[in-house]
Structure formats: C-alpha cells, structure tokens
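Report on one structure; see the data block that follows.
In this note's numbering, the protein residues as written are 87 to 312.
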C-alpha cells in the first residue's frame with residue numbers, strides 16, 4: 087500500500103491497481119490547493135470518516151469526475167446517494183470486502199454534521215487491510231479506549247492519527263493512541279491547515295522519538311509505503 091498525503095486529513099491510498107481517496111479537502115485548504123489538482127486525482131473509492139466540511143468538501147466533485155464510489159456511515163452515504171452518486175454504507179463495527187482487500191469501520195470520538203448543519207451520523211475511522219498489511223486511519227477523534235480493540239483483531243503497520251489538538255487529540259494523546267493500537271510508526275494528520283491547529287514539527291517528532299516511536303509529518307504530495 088502506498089499512502090500519499092494531500093494535506094489536512096486527505097490521503098490517497100494505492101493498493102495494486104485500485105485508488106482510494108480519504109476525506110478530500112483540497113480546494114479550500116491553503117496548504118494544498120495550489121499543489122493538488124483534484125481533477126487529476128484517481129479514485130475508485132472515496133472513504134469519508136465523517137460529514138464535516140474539512141473532510142467532505144471535494145468528495146462530490148471527485149466522485150463526478152472519476153465515477154468513484156463514496157463509502158461512509160449511513161447518513162453520509164444517504165446524502166450522496168440522494169444526489170445520484172455511487173455510494174455504499176458502512177457503520178461502526180462493520181467490515182466490508184472490496185476488490186482491493188477489506189475495510190473495518192471503527193469508533194471515533196468526535197462530532198459530525200454537514201456544512202448546512204444537517205446530521206452527519208456517527209464519526210468513525212477505517213482499518214484498511216490488504217494481504218498481510220493494515221493501516222489505521224483514525225479520522226477526527228479524541229483518545230479513546232476503543233482503540234485498544236483494534237490490535238486484538240488486526241496488526242497495524244501504520245497508524246494515521248490527528249496531532250493538531252484543539253478539535254482532535256494532540257501529540258501527547260497521539261503517543262498514547264499509538265500504544266493502544268500497538269503501532270510505533272505514526273503518520274500525523276489534521277495539523278497546520280488552520281491557525282488554531284498549527285504545531286511545532288520538531289518538538290512533536292522529538293516527543294515521539296523519546297517514546298521510542300516514529301512520527302511522519304509529510305509534505306503535501308509526499309508518500310510512504312507499507
């Protein structure tokens with residue numbers, strides 16, 4: 087699996103010849119909008135962790151351009167299905183088999199509503215598994231004991247965790263979260279894209295290093311593989 091960071095919580099995941107976009111928020115993200123052309127993104131699937139604007143902004147445009155299937159909780163699925171877009175539902179605790187592997191929708195502790203204020207269902211995260219490798223995309227979340235359930239079923243090779251604090255967990259809680267999911271390789275997301283979630287990169291990396299862990303803070307367009 088190749089994971090590319092497109093700013094905030096937006097990821098591209100390549101698994102074989104399949105392309106996944108997670109939480110597309112590019113065209114109103116000052117850190118990404120001049121570096122990423124959403125009309126050039128490849129997508130077979132768009133996974134949305136929850137309904138907030140900074141996670142769904144470009145989902146409709148990308149889906150229309152690529153024909154991708156949008157996957158999320160029932161309320162988010164319904165929102166896009168009613169627009170005539172390809173969509174399929176999941177919900178907390180559920181697993182679906184896909185042509186690239188399997189995905190489990192797991193708990194996130196946050197809120198969820200669309201830009202117009204309508205209800206967006208429960209927020210969540212995703213565990214993507216292909217063969218022997220798995221990545222955990224936490225979505226927007228606080229630290230929660232439910233994270234301890236994940237490694238009871240799945241060995242996580244990369245944990246994608248929010249580190250920006252204020253509206254999600256910050257660096258200190260992300261270190262604990264990495265303990266809970268038993269994964270010492272962490273890709274940080276949900277930082278710097280708004281003034282109130284700017285972080286000190288070197289200080290954050292040093293905290294992870296002292297805990298015996300690795301924190302990846304990727305530039306927009308930079309990739310890692312598992």
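Every residue gets a Cβ at the ideal spot worked out from N, C-alpha and C, and that includes glycine. Fair warning: this is a prediction, and the values are worked out from it, not measured in the lab.
| Check | Outcome |
| --- | --- |
| Would the beta-carbon of residue 207 fall within 8 Å of that of residue 146? | no |
| Return yes when the Cβ of residue 151 is within less than 8 Å of the Cβ of residue 174, no when it is not. | no |
| Answer yes or no: the CB of residue 130 versus the heavy atoms of the ligand PLP, is any distance below 7 Å? | As for the ligand PLP, it is missing from this structure, which has no ligand bound. |
| Going by beta-carbon coordinates alone, are residue 226 and residue 136 separated by less than 8 Å? | yes |
| Could you tell me which uninterrupted alpha helix (DSSP H) segments, each at least 4 residues in length, are contained entirely in the stretch 235 to 282, listed from first to last along the chain? | 236 to 239 and 257 to 266 |
| Taking the alpha-carbon of residue 113 as reference, which of 143, 127, 242 and 249 has the nearest alpha-carbon? | 143 |
| With DSSP run on the structure shown, which of helix, strand or coil describes residue 164? | helix |
| What does DSSP give as the partner residue(s) for residue 155 in the beta ladder? | 131 |
| In terms of alpha-carbon separation, which member of 108, 87 and 118 lies closest to residue 280? | 118 |
| What's the gap between the Cα of residue 305 and the Cα of residue 89? | 12 Å |
| What residues are listed by DSSP as bridge partners for residue 189? | 182 and 214 |
| Shortest alpha-carbon distance to residue 182 belongs to which of 194, 288 and 131? | 131 |
| I think residue 95 touches residue 276, with their Cβ atoms under 8 Å apart; what is that distance to the nearest whole Å? | 5 Å |
| Roughly how many angstroms separate the alpha carbons of residue 184 and residue 255, rounded to a whole number? | 30 Å |
| Residues bridged to residue 105 by DSSP? | 100 |
| Which same chain residues, not among the five before or five after residue 167, have their C-beta less than 6 Å away from its C-beta? | 173 |
| In or out: residue 99 buried (at least 16 other Cβ within 10 Å) or exposed? | buried |
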